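**Student:** Just passing along the structure, written as structure tokens.
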Amino acid sequence: MSIPVLMYHHVNELKDRFTIPPDYFDNQMKYLARKNYQTLFLDELINSLKERKEKRKVALTFDDGYLDNWVYAYPILKKYNLKATIFVITSRIKEKSSSYRPHLGNVWNGEVKKENLPKISNHYQSNLKCVRNSAGSDDHIAWEEAREMWQSGLIDIQSHSHLHSYCYVSNKIVDYNQGKKWRISWLTDEDMRLGIPIYEDKPALAGRRYFDDPGLRDRLAEYVSQRGEGKFFERENWKKELDEVVNEYRRRNKLKDNYETPEKRKKRIKSELLLSKNIVEEKLNKKCSFIAWPGGAYDNDLVMWAKECGYLGAVTTQPGANISNTDPMYLKRFEIKRGNLGWFKRRLFIYSHNLTASIYPKMRGL
Numbered sequence: 006m007s008i009p010v011l012m013y014h015h016v017n018e019l020k021d022r023f024t025i026p027p028d029y030f031d032n033q034m035k036y037l038a039r040k041n042y043q044t045l046f047l048d049e050l051i052n053s054l055k056e057r058k059e060k061r062k063v064a065l066t067f068d069d070g071y072l073d074n075w076v077y078a079y080p081i082l083k084k085y086n087l088k089a090t091i092f093v094i095t096s097r098i099k100e101k102s103s104s105y106r107p108h109l110g111n112v113w114n115g116e117v118k119k120e121n122l123p124k125i126s127n128h129y130q131s132n133l134k135c136v137r138n139s140a141g142s143d144d145h146i147a148w149e150e151a152r153e154m155w156q157s158g159l160i161d162i163q164s165h166s167h168l169h170s171y172c173y174v175s176n177k178i179v180d181y182n183q184g185k186k187w188r189i190s191w192l193t194d195e196d197m198r199l200g201i202p203i204y205e206d207k208p209a210l211a212g213r214r215y216f217d218d219p220g221l222r223d224r225l226a227e228y229v230s231q232r233g234e235g236k237f238f239e240r241e242n243w244k245k246e247l248d249e250v251v252n253e254y255r256r257r258n259k260l261k262d263n264y265e266t267p268e269k270r271k272k273r274i275k276s277e278l279l280l281s282k283n284i285v286e287e288k289l290n291k292k293c294s295f296i297a298w299p300g301g302a303y304d305n306d307l308v309m310w311a312k313e314c315g316y317l318g319a320v321t322t323q324p325g326a327n328i329s330n331t332d333p334m335y336l337k338r339f340e341i342k343r344g345n346l347g348w349f350k351r352r353l354f355i356y357s358h359n360l361t362a363s364i365y366p367k368m369r370g371l
């Protein structure tokens with residue numbers, strides 16, 4: 006047998022690939038309850054993998070700690086007495102919101118009308134606000150809400166890093182800034198000038214940082230500025246023009262770029278791993294022993310450093326089997342999408358059996 010670990014992000018009425026409608030989620034949880042699935046926290050999951058008991062078990066997880074986890078997901082989980090784990094990005098969590106934010110349970114109790122529930126931002130808007138604001142986000146749960154959910158006994162709170170940021174990892178230019186990518190300010194230290202190069206990147210915890218040449222940025226930004234700023238990108242061959250500017254600059258100048266040293270990378274990553282862990286433990290007076298790798302990216306060094314920081318396990322974004330010999334630092338998860346209940350049942354079946362959980366992702370190229 007294999008124990009499925011389900012990965013969610015949002016539960017709300019908006020339409021994007023990271024979001025499940027509340028009625029879909031309710032039907033999924035109703036099915037788990039009706040079929041007597043035992044929902045597990047991750048420490049319970051690890052112990053269950055060792056026991057090899059033939060009982061229906063599943064772990065529910067949410068990445069990022071969005072506000073709708075409190076507004077919609079938590080009341081539905083509570084309705085069916087099911088457990089889940091929320092992985093929070095600690096830099097995005099405020100101590101408290103400006104006022105109490107009601108949830109679906111308050112609607113069911115007749116305390117508020119559904120239209121008065123907090124407005125939920127879509128995935129793109131939520132992340133854009135966080136890039137531009139380092140003081141926490143109203144689009145995420147607050148610590149007071151996390152505390153209430155944790156104290157209910159149904160929700161565990163674990164780490165999804167402190168920043169969940171991205172960094173350049175090579176000098177390979179993959180695009181130029183047209184003002185359309187929300188992630189760009191993470192990568193450029195808030196330099197948002199049109200035309201600057203966008204290099205190959207990775208989640209920052211899994212990458213060795215590449216620091217690009219500021220002079221090349223200046224040259225490209227100046228070139229675009231002198232040719233109409235945003236209107237420049239209406240030209241048919243704008244990318245070819247900028248590629249030629251880059252090639253000319255590299256021919257005429259010795260690049261002032263460099264890579265993060267291995268020592269500095271280790272220090273940076275371990276500092277963030279410890280910071281996130283310590284914040285969760287301090288805010289909730291509980292152990293933080295698990296992490297969801299940001300962006301699903303990791304390498305051997307990151308896993309080793311996480312262990313050194315006291316993490317006992319980690320979840321990936323890779324689907325597959327979780328069986329008795331699964332390393333707790335590489336727990337497999339499958340993403341829940343907007344499929345109907347039949348889709349949900351089939352995926353539960355697939356990832357509840359070692360053979361199908363191992364073969365199906367390979368067949369689908371997942």
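For the record, in the sequence shown the residue sitting at position 358 is 363 according to the working numbering, with numbers rising by one throughout.
Even for Gly, the Cβ is constructed at its ideal location relative to N, Cα and C.
All values reported here derive from a predicted model rather than from experimental measurement.
1) Have a look at Met-244 and Asp-206 and give me their C-alpha separation to the nearest angstrom.
2) On the DSSP bridge assignment, give the partners of Cys-172 in chain order.
3) Quick check on DSSP: helix, strand or coil for Leu-221?
4) On a CA-only basis, which of Gln-43, Pro-324, Ile-328, Glu-150 is nearest Ile-341? Give me that one, please.
5) Can you tell me which residues form a DSSP beta bridge with Asn-345?
6) Where does the unbroken alpha helix (DSSP H) through Phe-238 begin, and where does it stop?
7) Taking Gln-33 as the reference, give the member of Leu-65, Asp-194, Glu-195 with the closest Cα.
8) Please go through the same chain and pick out, in chain order, the residues whose beta-carbon is closer than 6 Å to the beta-carbon of Val-308, but skip the five residues on each side of it.
9) Are His-145 and Gly-235 closer than 7 Å when you measure CB to CB?
10) Could you name the residues of the same chain whose beta carbon sits closer than 7 Å to that of Arg-352, not counting the 5 residues immediately before and after it, in chain order?
11) Report the option in Leu-289, Phe-67, Ile-296 whose CA atom is closest to the CA atom of Glu-277.
12) Closest to Tyr-171 by CA distance: which of Leu-159, Asp-143, Tyr-204 is it?
13) Measuring alpha carbon to alpha carbon, tell me which of His-167, Tyr-105, Gly-233 ends up nearest Lys-275.
14) Grab the span of the beta strand (DSSP E) containing Ser-164 for me, first residue to last.
15) From the DSSP output, which residues share a beta bridge with Lys-62?
16) Put Tyr-129 into one of helix, strand or coil per three-state DSSP.
17) Kindly identify the DSSP beta-bridge partner or partners of Asn-263.
18) Just the C-alpha distance for Gly-220 and Lys-261, rounded to the nearest angstrom, thanks.
19) Assign Leu-47 to buried or exposed, taking buried as 16 or more other Cβ atoms, counted over all protein chains shown, within 10 Å of its Cβ.
20) Just to confirm, is the Cβ distance from Asn-17 to Ile-125 under 7 Å?
21) Helix, strand or coil: which one does DSSP assign to Gly-301?
22) Gly-200: buried (16+ other C-beta within 10 angstroms of its C-beta) or exposed?
23) Taking 8 Å as the limit between beta carbons, can you name the residues of its chain near Asn-121, skipping five residues before and five after?
24) When you compare the CB positions of Ile-94 and His-169, do they come within less than 7 Å of one another, or not?
25) Taking 7 Å as the limit between beta carbons, can you name the residues of its chain near Glu-59, skipping five residues before and five after?
26) Take Ile-98 as the anchor and find which of Gln-163, Ile-81, Tyr-29, Arg-213 has the nearest alpha-carbon.
27) Kindly provide the ranges of any beta strand (DSSP E) runs that are 3 or more residues long and lie completely inside the region 45-112, ordered along the chain.
28) Here's a check: name, in chain order, each residue in its chain whose Cβ is nearer than 7 Å to the Cβ of Pro-299, leaving out the five neighbours to either side.
29) Roughly how many angstroms lie between the CA atoms of Met-154 and Tyr-79, to the nearest whole one?
30) Straight-line CA distance for Ala-362 to Ala-226?
31) Pull up the CB-CB distance for Leu-346 and Tyr-36, whole angstroms please, since I reckon it's below 8 Å.
32) Going by beta-carbon coordinates alone, are Tyr-254 and Arg-224 separated by less than 7 Å?
**Tutor:** Based on what the coordinates show:
1) Per the sequence shown, the amino acid found at residue 244 is Lys instead of Met. Cα-Cα distance, rounded: 19 Å.
2) Lys-207
3) helix
4) Pro-324
5) Per DSSP, none; premise fails for Asn-345.
6) First-last for Phe-238: undefined, no H or E at that position.
7) Leu-65
8) Met-334
9) no
10) Phe-339
11) Ile-296
12) Tyr-204
13) His-167
14) 160-164
15) Gln-43
16) helix
17) Phe-216
18) 8 Å
19) buried
20) yes
21) helix
22) buried
23) Pro-107
24) yes
25) Met-6
26) Gln-163
27) 62-69, 89-93
28) His-165, Ser-166, His-169, Pro-208, Leu-210
29) 7 Å
30) 49 Å
31) 6 Å
32) yes
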